[in-house]
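All remarks here apply to the structure that follows.
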Amino acid sequence: MAMEPYIPFGKVTIVQGNPGEGKTTFALRLAAACTTGGTLPGMKPLPPFQVIYQTAEDGLGDTVKPRLIEAEADLDRVLVIDEAKRELTLSDERIEKAITQNGARLIILDPIQAYMGDKADMNKANEVRPMFAALPKLRSVPGAPLSLSDT
Numbered sequence: 593m594a595m596e597p598y599i600p601f602g603k604v605t606i607v608q609g610n611p612g613e614g615k616t617t618f619a620l621r622l623a624a625a626c627t628t629g630g631t632l633p634g635m636k637p638l639p640p641f642q643v644i645y646q647t648a649e650d651g652l653g654d655t656v657k658p659r660l661i662e663a664e665a666d667l668d669r670v671l672v673i674d675e676a677k678r679e680l681t682l683s684d685e686r687i688e689k690a691i692t693q694n695g696a697r698l699i700i701l702d703p704i705q706a707y708m709g710d711k712a713d714m715n716k717a718n719e720v721r722p723m724f725a726a727l728p729k730l731r732s733v734p735g736a737p738l739s740l741s742d743t
């Protein structure tokens with residue numbers, strides 16, 4: 593478990609809360625702990641591993657990287673899937689490929705709404721369901737997706 597008993601490997605974990613309550617800070621500190629073998633309260637030490645961190649809200653260079661440095665992350669173990677040519681969605685094969693090729697054990701998507709695709713309305717179950725249907729396939733690879741959601 594990445595953070596026993598709250599974030600088990602091979603499962604989808606959704607961190608939900610109101611804006612400004614620290615979801616992204618928690619995710620960045622979790623990523624840092626996972627990349628260095630460090631811990632957070634309630635977390636057993638693990639050997640360091642690769643983390644995929646995707647964000648649609650914050651700049652990587654001016655916001656995410658400084659916050660990861662502050663959290664003492666091993667930046668060589670934090671991976672980002674390039675979205676310059678094509679936005680990433682939950683059903684995108686690049687996620688599974690990145691997990692497999694890099695041995696990532698944790699994926700952070702911040703916020704989850706940004707990775708639903710532009711044709712999915714979060715308020716319509718028939719549009720959201722197909723996007724989440726891709727997640728069981730990801731659980732079969734050695735990563736543990738962690739999705740973040742703002743309300």
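Each residue of the sequence shown is one higher than the last, beginning at 593 in my numbering.
Each residue gets a CB set at the ideal place from its N, CA and C atoms; glycine is no exception.
L680 sits away from A696, with the two beta carbons spaced by 9 Å or more. When rounded, the separation of the alpha-carbon atoms in V656 and D650 is 7 Å.
A residue is called buried when at least 16 other Cβ atoms come within 10 angstroms of its Cβ; Q646 meets this threshold and is buried.
T647 carries a strand assignment under DSSP once its states are collapsed to helix, strand and coil.
For G629 and I599, the gap between their C-alpha atoms comes out near 15 Å.
Out of K615, N718 and R669, the CA that lies nearest to the CA of T627 is found in R669. For the 9 Å CB-CB criterion, I673 and I687 form a contact. I673 sits in coil when the DSSP states are folded into three classes, being neither helix nor strand.
One alpha carbon belongs to P611, the other to T617, and they sit about 12 Å apart.
Rounded to the nearest angstrom, the gap between the Cα atoms of F641 and L698 is 8 Å. Annotation: the continuous alpha helix (DSSP H) that includes T617 extends over K615 to T628.
Burial check for P703: the Cβ neighbour count within 10 Å reaches 16 or more, so the residue is buried.
For I691, the enclosing alpha helix (DSSP H) covers residues E685 to N694.
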